[in-house]
Structure formats: structure tokens, C-alpha cells
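Going by my numbering, the letters in the sequence shown line up with residues 804 to 1246, in that order.
For glycine and all other residues, C-beta sits at the position ideal for the given N, C-alpha and C.
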Amino acid sequence: MKIQISEHFTYKKLFRFVLPSIVMMVFTSVYGVVDGLFVSNFVGKTAFASINLIMPFIMILGGMGFMIGTGGVALVLRTLGMGREETAKRYFTMLVIFATLLGAALTAVGVTFVRPISRFLGATDDMIDHCALYGRIVMCFTIFFMLQSMFQSFLAAAEKPTLGLIVTVAAGCTNAALDALFIAGFRWGLVGAAVATGIGQVIGGAIPLLYFMRPNKSLLRLVKTKLEIKPILKACGNGSSELLTNVASSVVSMLYNFRLLTFFGENGVSAYGVIMYVQFVFIAIEIGYSVGVAPVISYNYGAGRDSELKNLFKKSLILMSFSGVLLAALAEALAVPLSVLFVGYDKELFDLTVFAFRIFSVAFVFSGVNIFSSGFFTALNNGVVSGILSFSRALVLQVGFVLLLPIIFGPNGIWWAMSATEVCAVAVAVSFFVAKRKQYKYS
């Protein structure tokens, strides 16, 4: 039975509504992990370290699509909640066009400057060619990567989360199958990994684009319109917190890699890469929930339904707290088997990865509430608060701890930076929840 965003949400309805978004995000993360898994086992740890080094820059480019999607959903759904359906469709169309144009520009920049960027990120002479090769190929697909990230949010907003799930599963399975064929079968190495990723992104971006171009039964479709700067800037400004999170995370990953190269060499970057791949999958559950519930929050805020906003806020905090504890326990239990899967061929690297993994797992206890807090204020069209939460968590706190903890506790102190960040970020989030409760009437 179809669940509409205008309904009252019980735990059961809420879970059913956000489940496709959660699975979408998990699949998106998993097929990124597959690249690393095949490269590590079939190409080697130098190539594996290389893609982990250039990946933060690639994620910044794709994060532009996530910014447009999250900020755009808040704008479009609030407009729908106000009863302005045709205006909402025009806004949606403008954002799709803008994402395509921006993606083309970013592709040109990325492909042109990937080698100096890799060197800036700390690539050694052994790694530089690997970084440039993988980066150039993957960045040729930036338009589709951005559209895929954008449509993950808009398919839920259009009350078509199941279609989003099907598309993401298709993209993920295609990428995984092609990784096996190109890397393990044809022995194409990094070229195979990059091409497989790109083809998966084409599927994830092109199929929703074709769906929205044709008449459909969803709340949204592409219509004839001119670009207007004001709604585009409003959407980007509101979604900038999500972009800021992506950029900050990428910058912090670059800092981690730089520091780890100094402390542990290539093994440190590889161990961090394994942890990041697993973290992508775990927090994808929480990001997927935030993406899935955001349209409902925006709609009810636009419609002035305060009681339902309170209901969604309370249930979301409970669910995110529970998921954090569960994911932390799961991470502890899977530290050894997942490390074996990625780097079991090298005992020194394996031991370092298990040690770091178990420290990192503490962060999952708090990450869910922090991810929801930023997404919640984005859904309320408050990009300023969302941006502060994202900036403090993803950049200020984490950079501070990455630089400070190794000085206090030695090189292994760097592995505690993420957990320390999440604990402090929860305190910041709670302070804003309390400060804004009367303005938005959610508590």
C-alpha cells in the first residue's frame, strides 16, 4: 500500500517509507566498497592506497549533486505543501538543468587538474600514476554521479522511493558484476574499476532522468521552464550544509591520509581506506533515514502541521539513538572478518586495520543523531543552523582532534579523532534542538 507524505506516521509507516532510501544509500556505498575490495585483492595495496587518496576529491564533485538534491527537496516539498504544484515542478526542472550544467563544468576541471591535485594530496611517485588514471576516468562520469545523488532525494520526495531502490540496486549490481569481470576476469586493473564505477553511475543517473522526462504518476516531472537564479540559489544555499559535510569530510580524509603517510606509510592510508569503506556502508543507513524522512518533515512544516512535526522529531531521535548503539556493536564484531576480507594478505597491514577499526567503532554510537540533526534543519529550510552543525562536526572538531590527539597520545591517537568528534558534535546538536524548539514547534 502506498504511503503518502501527508499521512500520520507510526513507527511502522515511517520505517516502510524510509526503507527504500536507506537501501538506496547502502547500495550506493556498497558498490563503492566493491571497487576497493577488488583493487586491494587483485591489483595491490599501492593501487588501493592510491584510489583512497584521490577519492575524497572525487566525492567533493559528486557531493554537488547531493547539495542540490537535499536543498532542492526542502524547497520543492515546502512549495507542494503550500499547494503550488506547478511552481514546484518548475523548481525541480531548474535544479536538474543546473546540476547537468555544473556537472559538465566540474568534469572539465577535474580531468584537467587531477595530476597536480593528486600530488597536492600527498601522492608518492609510486602512487601518482594510479591516482591520475583512476581519477580521470571516474570524473568523466561526474554528470551522472551528480544526477544519481540528486535523484536519490527527489525520488523519495516524489513518493517513488521503490523506484529509487530498484534503480540503485541495478546500478550497484552492475558495478559489482563489472568489477568482477573487468578486474578479476579481464585483469584491467584500475581502468576496470573506474569504468565499472562510471557505468554504474550512468544507470543510477540516467534512468530517473528518463522517468521524470515522461508523463508519470508521481508528484514531480520535468516541465518547460527558464532558469531562475533565486530558487536555484535558495536550494543550493539550503543544501550547502550537506555539501559542506561532504567537502569537510573529504578535506579531513585528505588530512588523515597526509598524517597517516607520515606515521605509518602506505599501510596507514590502506587501513584508513578499509575503515572508510565500512563507515560509508554503516552511516549510509543513517544518511538514508535522514534523506527518506526529510520530504515528510518539509511537507508538514510547509503545511503548518505542528503535531506531526513533533511526532517525526521524537521518533527520529529514538530510532537514530538505537541504530547508533547497534552499529557500534556490529562494527566491533566485524572488525576481524572485514579486515581479513580487504587486507588479509598482509599481516602487518591486517593487524593495524583491526586495531584502528575497533577504536573507530565507538563513533557509530553518536553518528546517527548528528547526521539527523543536520538533515532535520535542512528539511526545515534552515540552512544556517544545518551548516553550523555540519561545519563544526565535519571540519572544525575533526581537524582539531586529528592534529591534537597524536601530539598527546602519539601516532595511535589519530584513530580516536572520529569518536571524540562525534561526542562533541552531539552536544552542539542538542543545544540547537533546545534553542530552536519554540520557533519550529517540534518539541
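Spatial neighbours of residue i within its chain, please: C-beta separation below 8 angstroms, excluding the five flanking residues on both sides.
i	result
Leu1047	Gly1190, Ser1193, Phe1194, Ala1197 and Leu1198
Leu981	Gly995, Val998, Ala999, Ile1002 and Gly1003
Thr1181	Thr873, Gly874, Ala877, Asn1041, Gly1042, Ser1044, Glu1045, Ala1097 and Ser1189
Ile1210	Gly1216
Thr849	Asp929, Met930, His933 and Glu1069
Leu1208	Gly1216, Ile1217, Trp1219, Ala1220 and Ala1223
Val1143	Phe1153
Lys1037	Gly874 and Leu878
Lys1241	none
Suppose the cutoff is 6 angstroms on Cβ atoms and the five residues either side in sequence are ignored; what does the same chain contact list for residue i look like?
i	result
Thr896	Leu1025, Val1026 and Thr1028
Ser1177	Ser1044, Ser1189, Leu1192 and Ser1193
Asn1103	Glu1111 and Leu1112
Met1057	Pro859 and Leu924
Ala960	Val876, Leu880 and Pro1098
Leu1130	Phe1085 and Phe1167
Phe901	Ile1035
Tyr1243	Leu1183
Leu1063	Gly1071, Val1072 and Tyr1075
Met1123	Gly1171, Val1172 and Phe1175
Lys1008	What sits at residue 1008 in the sequence shown is Gly, not Lys. The residues are Phe947, Leu950 and Gln951.
Phe1235	Val1188
Phe944	Gly1001 and Gln1004
Ala974	Gly1003, Ile1006 and Gly1007
Compute the beta-carbon to beta-carbon distance between residue i and residue j, rounded to the nearest angstrom, for a pair I have assumed lies under 8 angstroms.
i	j	result
Gly1095	Val912	The pair is not a contact, with the Cβ atoms about 32 angstroms apart (cut-off 8 angstroms).
Phe1145	Val1077	5 angstroms
Pro1034	Leu878	6 angstroms
Ala852	Met930	6 angstroms
Gly906	Ile857	At roughly 18 angstroms, the Cβ-Cβ gap does not stay under 8 angstroms, so Gly906 and Ile857 are not in contact.
Ile1266	Val1202	Any answer about residue 1266 is impossible in this case: the structure gives the chain only from 804 up to 1246.
Leu1023	Phe1015	6 angstroms
Gly1127	Ile825	That belief does not hold up - the Cβ atoms of Gly1127 and Ile825 are roughly 14 angstroms apart, past 8 angstroms.
Ala935	Ser956	The pair is not a contact, with the Cβ atoms about 32 angstroms apart (cut-off 8 angstroms).
Ala891	Leu883	5 angstroms
Ile861	Gly938	6 angstroms
Phe1169	Val1237	Not quite, the Cβ-Cβ distance comes to about 17 angstroms (not below 8 angstroms), so this is no contact.
Phe1066	Pro1214	4 angstroms
Ala1228	Leu1206	The Cβ separation is near 17 angstroms, so there is no contact.
When you compare the CB positions of residue i and residue j, do they come within less than 8 angstroms of one another, or not?
i	j	result
Gly874	Gly1105	no
Asp880	Ser1101	According to the sequence provided, residue 880 is Leu. The question's Asp does not apply to it. In this structure, Ser1101 lies closer than 8 angstroms to Leu880 by Cβ.
Leu799	Leu909	One cannot answer for residue 799 here, as it falls past the ends of the chain, which runs 804 to 1246.
Ala1220	Thr1156	no
Phe948	Gly868	yes
Val1081	Leu1141	yes
Leu1120	Phe812	no
Met885	Val917	no
Pro823	Thr965	yes
Leu993	Val846	yes
Val829	Ile1010	no
Ala1223	Phe1204	yes
Met827	Thr927	no
Asn1070	Glu1151	yes
Arg819	Ile806	yes
Val1303	Gly866	Given that the chain is displayed from residue 804 to residue 1246, the structure contains no residue 1303 and the question cannot be resolved.
Trp1218	Ala1132	no
Leu817	Lys1118	yes
What does a CB cutoff of less than 7 angstroms around residue i pick up in its chain, not counting 5 residues either side in sequence?
i	result
Ala1232	Val1172, Asn1173, Ser1176 and Leu1192
Thr977	Ile1002, Gly1003 and Ile1006
Gly1147	Phe1153
Cys1039	Met870, Ile871 and Gly874
Arg893	Val1026 and Thr1028
Lys963	Ser1021
Ile940	Val994, Ala997, Val998 and Gly1001
Asn1019	none
Would you say residue i reaches chain C, if we count a Cβ-Cβ gap shorter than 8 angstroms as a contact?
i	result
Gly1008	Given the protein chain composition of this structure (a single chain), no chain C is represented.
Report whether the distance from the Cβ of residue i to the nearest heavy atom of the ligand FMN is below 7 angstroms.
i	result
Ser1110	Here there are no bound small molecules, and the ligand FMN is not part of this structure.
For the structure I just gave you, are there three or more beta carbon pairs, one from the region 1131–1140 and one from the region 826–841, closer than 8 angstroms?
no
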